[in-house]
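Protein chains in written order, with our numbering: chain A, 3 to 341; chain B, 981 to 1255; chain C, 981 to 1255; chain D, 54 to 342; chain E, 54 to 342.
In this text, a Cβ means the ideal position worked out from N, Cα and C, and glycines have one as well.
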Amino acid sequence: GLSKADSNGTDGTNGSGAGDRKLALDAQLPITVPKGTTLTIGDPATQKALELSGQIDKLPFKVKWANISGGPQTTEAFRAGALDIGSVADIPPIHATWTGLHVRIVAAKFRVDPIHHPIYQLGIAPGVKVRSLADLRGKKIAYSPGQAQGALVLRVLQKAGLKKSDVTLVELPSTGDVYPNALAGKQVDVAPIGGVAIKRYLSKYGKDGGTTIPHGLRDDPGHLYTQVATLEDPAKAAAIRAYVQYWARAQIWMDKHPQQWIDGYYVKDQGLSEEDGRWLVKTSGHPDIPADWKPAIARQQQTIDLLARETDKPKLTAADLFDQRFAPVATDAIKNEAP
Amino acid sequence: MATYAGRLTEPAAAERQPANAGPAVDVRSLVRSFDERTVLDHLDLAIEPGEFVALLGRSGSGKSTLLRALAGLDHDVEGTGLVEVPRNVSVVFQDSRLLPWQRVLDNVTLGLSGPGTAGKGRESLAEVGLAGREQAWPNQLSGGEQQRVALARSLVREPELLLADEPFGSLDALTRIRMHGLLRRLCERHRPAVLLVTHDVDEAIALADRVLVLTDGRVDTEVEVTIDPPRDPSDPRFAELRSRLLAHLGIVNGGLQAAGPDSDVPSRRPEEVSR
Amino acid sequence: MATYAGRLTEPAAAERQPANAGPAVDVRSLVRSFDERTVLDHLDLAIEPGEFVALLGRSGSGKSTLLRALAGLDHDVEGTGLVEVPRNVSVVFQDSRLLPWQRVLDNVTLGLSGPGTAGKGRESLAEVGLAGREQAWPNQLSGGEQQRVALARSLVREPELLLADEPFGSLDALTRIRMHGLLRRLCERHRPAVLLVTHDVDEAIALADRVLVLTDGRVDTEVEVTIDPPRDPSDPRFAELRSRLLAHLGIVNGGLQAAGPDSDVPSRRPEEVSR
Amino acid sequence: MTTTTTATATATTASPVRVPPRTVTTAPVRRARRLGPGRPVRFGSAVGPLLLLGLWSAGSATGLIDPRILSAPWTVVTTTIDLVNDGRLPANLAVSAQRAFLGLAIGIGVGTLLALASGLNRLGEALIDGPIQIKRAIPSLALLPLLILWFGIGETMKVVTITLGVLVPVYIHTHNGLRTIDSRYVELAQTVGLGRWAFVRKVVLPGALPGFLLGLRFAVVGAWLALVVVEQINATSGIGYMMELARTYGQTDIIVVGLVVYGILGLASDGAVRLVQRKALTWRRTLAD
Amino acid sequence: MTTTTTATATATTASPVRVPPRTVTTAPVRRARRLGPGRPVRFGSAVGPLLLLGLWSAGSATGLIDPRILSAPWTVVTTTIDLVNDGRLPANLAVSAQRAFLGLAIGIGVGTLLALASGLNRLGEALIDGPIQIKRAIPSLALLPLLILWFGIGETMKVVTITLGVLVPVYIHTHNGLRTIDSRYVELAQTVGLGRWAFVRKVVLPGALPGFLLGLRFAVVGAWLALVVVEQINATSGIGYMMELARTYGQTDIIVVGLVVYGILGLASDGAVRLVQRKALTWRRTLAD
Ligand SMILES: Nc1ncnc2c1ncn2[C@@H]1O[C@H](COP(=O)(O)OP(=O)(O)OP(=O)(O)O)[C@@H](O)[C@H]1O
Ligand SMILES: Nc1ncnc2c1ncn2[C@@H]1O[C@H](COP(=O)(O)OP(=O)(O)OP(=O)(O)O)[C@@H](O)[C@H]1O
Ligand SMILES: [Mg+2]
Ligand SMILES: [Mg+2]
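Pasting the structure below:
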């Protein structure tokens, strides 16, 4: 019984300078952003989109951009009080809560037709015969506990009706190009790989027999999240609300201006080839920013339950992770802007 | 200016004398042991200001140990005593002990400051016959040259007490005579108290006011040299002193041919001097 | 066994002689310069097997440089010459050069192997009066003791050529006489060729068959010593040799009182010996 | 230069002379200002770590240190007890220690041999030195994929990675140590006709020992540190694995236990080498004496 | 012991005597077997890296090295040219260099000062030495959260992290170097009445210089390596960032360019320090001469 999560009681104190007056979490979101309000935001893609669309200077608050994203980095920065908003997938808010941070999701983005536009695919090592999830039995599968890919593996096994003991989970960090390399070196049979790595893997090792198969699950959530303490600061809450609006418009802008996005972001900023960029845009499909978070919360609850069971963690209520006051903010913003 | 070597305890305040009147060195009952071997065994020594004392003794008899103690470098010496050390004390170590990473001139002027230091150092080097070698590294010098640099270093600060451990050991006869002259001139000018360790009995007699022989950890013999300078080795008083001192060192007929214990017969070995 | 020091070129094959008959050392036109300063200037030297040669010279005249060249340690010496080096050659360096991390006994037996090595080392240490100090570290020894260890190390291997650079420099008179005896006995037993650097003219005359004086980078003076041993310093022939050699070293009336160039008048300095 | 005040009086000891040296405790009044650091203070080396512990405790008690970032010392103690009781800490430590020791042993051996080959031979140097400098300059994280490729993800890869890490400081220090042996001793070795091997044994190894031991101080600590990297890969046990797991789950208290264990292991390994240093280098007389 | 063969004949030079020393090139026939490594071979240090390059080229050309894992040298060259032309490599390098130099400068200064404070004073040692040993024993990845907490995620944190990495080898080597200064020189300093500061300047610093410079060899390389870690956090430029980005996108050729850059930077920095070593330590006569 060593889990740390039962220490949920401690209150976040090192949120970035909460004002004298705390904003209750169920109070109406303030709309006007006081002068001098600053947010530190770790959302590099949106930053770039705002830059390319010329919106970046219109933000009604001062912003410090941080090139920080993903679970471990954002939670570390949250703890240090160095970040107000982080951009992540579905797992980090769960883990952050388990580590005693109080966080709330303030924006959620999904993909249209998620099953056919997954972020991840299951990479299959050359010479290994896996055609469907059922073939996973007895295979060596790369597993990174605590990361999105790790959760995905657990969900895939669940879907395939396999227990952990039916396969060999090989613990590997999923940073950088470790997974494609592990596959190519036949150190593991199966590993979830995502983004351009899929393309890269297939083009490099496809001729050796390296393949990928879809996992058939939704892996599309993309969230902005923040700390409760930040939300309790009325000035920051107003600024976050404003940011969510800009964020939503930026997602739409990206979808509408694929070529500008490819050139400005993938090629110029990230150093990928144009072809890579086109591939990424094509495979990621179109964004879906719903006004109703209920189905997403339900899916999140399933994920939580699975993780809690498999990794021996306390149960959480998914709805507690979402600040539903923000649900209409994004959709309203696009509605007003779209036509 | 009165300070103490090692663990010397100070004599009662009543015994203390004004710095200028008292002896330059006055140590009593100095004891120093290495492990079981007692090297200095209740040794007493006093040197008057301006006095030139030569110290003879077998190899391993404790001469260097005594010098280290007087210089305050040995932390394990015991005894009572007072070392009236003038501000300027110079030590010439048995090894020349030049800092290998400092050039010759910097070695000579080590610890000196103020304007004209380099000039003084240069002059001093010239006096020991090493003009032009100021910028050499110590390890580019011959043994005797290194010794002369060490000598220059000790003389340039015009010490009031000079503790010199075989400073002329690696010098040829002529250079040695020149260095004797240098030292004598320094003595005339500044009248430092000098304790000179040497193995050369003639050198001791030629230079010193008093010659001591260290045996069994104590000053065993004390000879006043009263011959007026310049002292001529062929002077019979010189020869008499020489043979007396040599006898104390274990050599009965002066000169190189030992009439002492036959060197083939194992005899009292030098290391037994300091049981 | 014939090999060469430094960049010596070998004489024509015809000139070469069987190892046993030829000289132990025969170097010609040795040249060695440091930067601009020529220390050995076309120096010629031959030593017969079994011959005992003493080398005198001013401080900085190049004695140690010559020894290093003969020992094959100097890679920048030029000249023609043949050094017939017997298997066993020993060098006593001017600094005692003990390995600080080896105990005294191991320093003595360094490079020896086979059974009985330790025993021989122990014996040799006893001969130089250091019985019982086998397990000491070199830096626990006095200067003279270190010098004796170095001597023991060079003698224990019963060399056929001994190159010794002031091996008795830090020894008191009695110990020095003992060491002379030791060296003499070794010479009688094994008849090595010996090149002994010393500053003590009496020592040179007492021990050597031939005494050389190194001046201006060459062997300037050569004196055969024909007095039969034991050589008595009071022997007039001894005295005559002594004053001849001292004159070559720059001292006209033997003894310590230089009648040579007045030491106060700047004169030809030692460093000028080797321009 | 030196002080010009007259001596201050200390108590007169009539005849302290027969007292054996060690028992006299009168503090010496000394002329020469002591320039070295003086004798070691007993348990002096504990002061810094204890002070650190004190600051940490104070910070935690007063709430200055957020327990979510750095757990309080007492939390660490109880967590440690828990971890020891449920066997996780000892088990992980044992596995890690085995890896570390194996890598250390091989690394020390190979590093020393390479240093000898490169230090005593210009050809050896030309071949060996450059590649080792390159290895050292390349981030180990970037080397890992290659090591995985060549050695798999099993124990071999882990031990090889540790070995490579250990090898570098041992090599560089030993090489530097033997290269800086005073040439006078090399000359001596030549004149007494030492053979190659005897030369290595009597001159090179003892002469390079101070350097080697300094390298060892880096190697022992480096071996433990390498665990953090290698035990992220296909490990299910080990102290590095334990910490990595705790990091991904944000279990601050376990992380801190790991840090403390690392601190202790580091101090202990380093202290052990220093002890060897003191014992093996008795022949030296240095500033520290 | 030594060889007993008679000399082999070499050409007779009738009178080589007037030839100035440097121009005679006859190889000496020498008695004493040379035990040291002999004189440095010109460009000898290039042999190892060139050999490595040769192996790499050969492996790539013959297909033994899979270009998907390790790009061929020529690919690396063309990629490098591309990266230079589009300005990415120089820009990233410039940013990284700035961070590295800043951290290096501060780290060297602080490390040296701490080493002096701890090396010359037992109290200083008690306070400083333990914490530095602990810092060194703790994985930097585990220290990072604390550093982020204290110094944020900006440049300060990055420079501090590099500084801390640089500080350790500088401190330990300088400390060790000055602690092992021969006590005879300390005695000498005392007898000539050197003050504390003069003692530091004339004896301690030059005496510890060889140690310091060895530490510097680790520090300069360490500063570049630290970039890999710090530039993963909130960086948008830098060579470490460039490599991390390439890793996530699987751009093998860029990764290898990064590795080569690291290798070159490491060799160059190390070589620079070695050059300083050679210049600054001319007073030494060592095995290597
Ligand atoms: N650190 C030490 N440890 C053990 N014994 C020592 C140490 N230092 C000196 N000794 C011993 O103390 C004795 C006296 O040494 P000291 O150096 O004073 O002799 P010395 O009279 O100067 O001899 P020399 O004329 O040979 O220089 C010697 O026998 C020496 O071996
Ligand atoms: N490495 C070097 N670099 C420059 N000069 C040197 C070097 N070694 C020796 N010398 C010079 O060469 C000359 C001869 O030196 P050497 O050591 O042979 O003298 P020596 O006759 O042995 O003197 P001593 O009796 O003082 O030992 C000296 O003037 C010395 O300064
Ligand atoms: Mg002595
Ligand atoms: Mg000499």
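Close partners of glutamine 243 of chain D in chain C (Cβ separation under 7 Å): Leu1053. Excluding the 5 residues flanking it on each side, arginine 1217 of chain B has same chain C-beta neighbours closer than 6 Å at Ile1207, in chain order. Judged by their CB atoms, alanine 299 of chain D and glycine 291 of chain D are not nearer to each other than the 8 Å cut-off.
Interface residue (Cβ-Cβ distance to chain D less than 8 Å): arginine 1077 of chain C is classified as such.
In this structure valine 1174 of chain B is buried. Its beta-carbon is surrounded by 16 or more other beta-carbon atoms within 10 angstroms. Boundaries of the alpha helix (DSSP H) harbouring glutamine 330 of chain E: 305-333, taken from the DSSP string. Each of B:Lys1043, B:Ser1044, B:Gln1074, B:Asp1145, C:Ser1122, C:Gly1123 has a C-beta closer than 6 Å to some heavy atom of ligand 3; these make up the full list, in chain order. For phenylalanine 204 of chain D, the shortest separation between its Cβ and any heavy atom of ligand 1 does not lie below 7 Å. For the stretch 173-197 of chain D, the set of positions with a beta-carbon nearer than 7 Å to some beta-carbon of chain E reads Leu173, Asn174, Arg175, Glu178, Ala179, Leu180, Ile181, Asp182, Gly183, Pro184, Gln186, Ile187, Arg189, Ala190, Ile191, Pro192, Leu194, Ala195 in chain order. Counting only the Cα atoms, arginine 1164 of chain B lies some 24 Å from glycine 1112 of chain B. In this structure, glutamate 1125 of chain B has its CB closer than 7 Å to one or more heavy atoms of ligand 2. For serine 1070 of chain B, the uninterrupted beta strand (DSSP E) run begins and ends at 1069-1072, by DSSP. Phenylalanine 265 of chain D and valine 1193 of chain C have their C-alpha atoms spaced approximately 47 Å apart. Secondary structure of lysine 142 of chain A (DSSP, three-state): strand.
Assignment of beta strand (DSSP E) within the stretch 240-272 of chain E, counting only whole runs of 3 or more residues, yields no such run. Contact annotation, glycine 1109 of chain B with aspartate 1152 of chain B: C-beta distance approximately 11 Å; criterion of less than 8 Å not satisfied.
Rounded to whole angstroms, arginine 1171 of chain B and glycine 1042 of chain B show a C-alpha spacing of 26 Å. Under the 8 Å criterion on CB atoms, aspartate 1196 of chain B is classed as non-interfacial with respect to chain C.
Between ligand 1 and phenylalanine 1014 of chain B, a heavy atom-to-CB distance of less than 7 Å is present. Within the stretch 1175-1201 of chain C, the complete alpha helix (DSSP H) runs of at least 4 residues fall at 1181-1187. DSSP places isoleucine 161 of chain E in the helix class (H, G or I) of the three-state scheme. Following the DSSP letters along the chain, one finds proline 1216 of chain C inside the alpha helix (DSSP H) bounded by residues 1216-1228. Glycine 260 of chain E has a beta carbon lying within less than 8 Å of a beta carbon in chain B. The closest heavy atom of ligand 2 lies 7 Å or more from the beta carbon of glutamine 285 of chain D.
Taking a contact to require three or more Cβ pairs closer than 8 Å, the stretch 93-107 of chain A and the stretch 244-263 of chain A do not qualify as touching. For valine 1005 of chain B, no chain E residue has a C-beta closer than 9 Å to its own C-beta; the minimum C-beta separation is roughly 15 Å. Glycine 1059 of chain C has its Cβ no nearer than 7 Å to any heavy atom of ligand 2. For valine 1181 of chain B, the distance from the CB to the nearest heavy atom of ligand 1 is not below 7 Å. For tryptophan 203 of chain D, no Cβ of chain C is located within less than 8 Å of the residue's own Cβ.
Not flagged as an interface residue toward chain D: valine 1177 of chain C, since no C-beta distance is shorter than 8 Å.
With its beta carbon less than 8 Å from one in chain C, arginine 1038 of chain B belongs to the interface. Counting only Cβ-Cβ distances below 7 Å, leucine 298 of chain E has contacts in chain A at Gln272, Gly273, in chain order. Chain-ordered, the chain E residues with CB closer than 7 Å to the CB of proline 1080 of chain B read Trp336. Inter-segment contact for the stretch 208-221 of chain E and the stretch 274-286 of chain E is present: three or more beta-carbon pairs are separated by less than 8 Å. At a threshold of 7 Å, valine 1019 of chain C counts as near ligand 2, since its beta carbon sits closer than that to one of the ligand's heavy atoms. DSSP places tyrosine 224 of chain D in the uninterrupted alpha helix (DSSP H) bounded by 208-232.
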